[in-house]
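To start, the structure under review is shown below, and the notes come after it.
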Amino acid sequence: TREVFVGELSIGGKSPVSVQSMTTSDTMDTKGSVDESIRMINEGCELVRLTAPSKKEAENLAEIKKSLLKKGYKTPLVADIHFTPNAAEIAVKYVEKVRVNPGNYADKKRFEEHTYTAESYSKELIRIEEKFTPLVLLCKKHKKSMRVGTNHGSLSDRILSQYGDTPRGMVESAIEFLNICSKNDFHNVVVS
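Just so it is clear: in the sequence shown, position 70 is 72 by the working numbering, and no numbers are missing.
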């Protein structure tokens, strides 16, 4: 595998497996998020993931990061992005890694089945590229990493219509986004 850097933490390649966990505190609760992160770090967590479902949580990651650094904690942070591309573009300024799910990053789930022609599917891929490329370029510019994480629960209607709720659908969903990363010569990506 390719070695990916999350801050100074190396993942992949010949690196040992890193311990990661996710906070359960509301990301708007700065003190709660910082206290929980410190407890996790003190127990051996090497990467702390916080949810950033909207722009306001993404902005508050700056305060969380600042508080942790002030207390002497330099453990890399990961912003878990849900449906808001703008939140990812904000979060990338404050954390070392951004986690996106291809199924809900550029698409709104409507649970509708569609039939695609080669042309209409191609247009969908162009639409996704237009939404996702700004984040890829920001990660590249700021030397941040990205996790492209797929799961059955959040496959887009497009993927479900083409491949069903299948392992292949999960792979194809990730590949759509990885192709955009490759096209922009951005390879600091982890896939799950």
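Glycine included, every Cβ here is placed at the ideal spot set by N, Cα and C.
- In the three-state DSSP reduction, ALA108 falls in the coil class, being neither helix nor strand.
- Inter-residue distance for ASP28 and HIS84 is about 14 Å (C-alpha atoms, whole angstroms).
- Counting C-beta pairs with one atom in each stretch, the segment 154-168 and the segment 115-126 have three or more that are closer than 8 Å, which means they touch.
- Residue GLU5 holds the alpha-carbon nearest to the alpha-carbon of VAL19 among GLU5, THR32 and ASP31.
- Counting along the chain, the unbroken alpha helix (DSSP H) around LEU139 starts and ends at 120-143.
- For GLU174, the closest alpha carbon among the candidates CYS183, PHE134 and PRO104 is that of PRO104.
- Straight-line measurement puts the Cα of LYS76 at about 26 Å from the Cα of THR3.
- Annotation note: the segment 14-48 contains the following uninterrupted beta strand (DSSP E) runs of length 3 or greater, listed N- to C-terminal: 22-24.
- In the structure shown, PHE179 falls within a helical segment according to DSSP collapsed to helix, strand and coil.
- Excluding five sequence positions before and after GLU65, the CB atoms of its chain that fall closer than 7 Å to its own CB belong to THR32, given in chain order.
- Boundaries of the alpha helix (DSSP H) harbouring LYS72: 57-72, taken from the DSSP string.
- Cβ contact annotation for GLU131 (same chain, cutoff 7 Å, sequence separation greater than five): ILE182, in chain order.
- Residue burial is scored here from C-beta neighbours: GLY171 has at least 16 other C-beta atoms within 10 angstroms and is therefore classed as buried.
- Rounded to the nearest angstrom, the gap between the Cα atoms of SER156 and SER23 is 21 Å.
- In this structure, DSSP gives ARG4 a state outside helix and strand, which the three-state scheme calls coil.
- By the criterion of a C-beta distance shorter than 6 Å, VAL193 is surrounded in its chain by VAL150 and ALA176, once the five residues flanking it on both sides are discounted.
- Here LEU157 carries a coil assignment [DSSP, helix/strand/coil].
- In the three-state reduction of the DSSP assignment, SER194 falls in the coil class, being assigned neither a helical nor a strand state.
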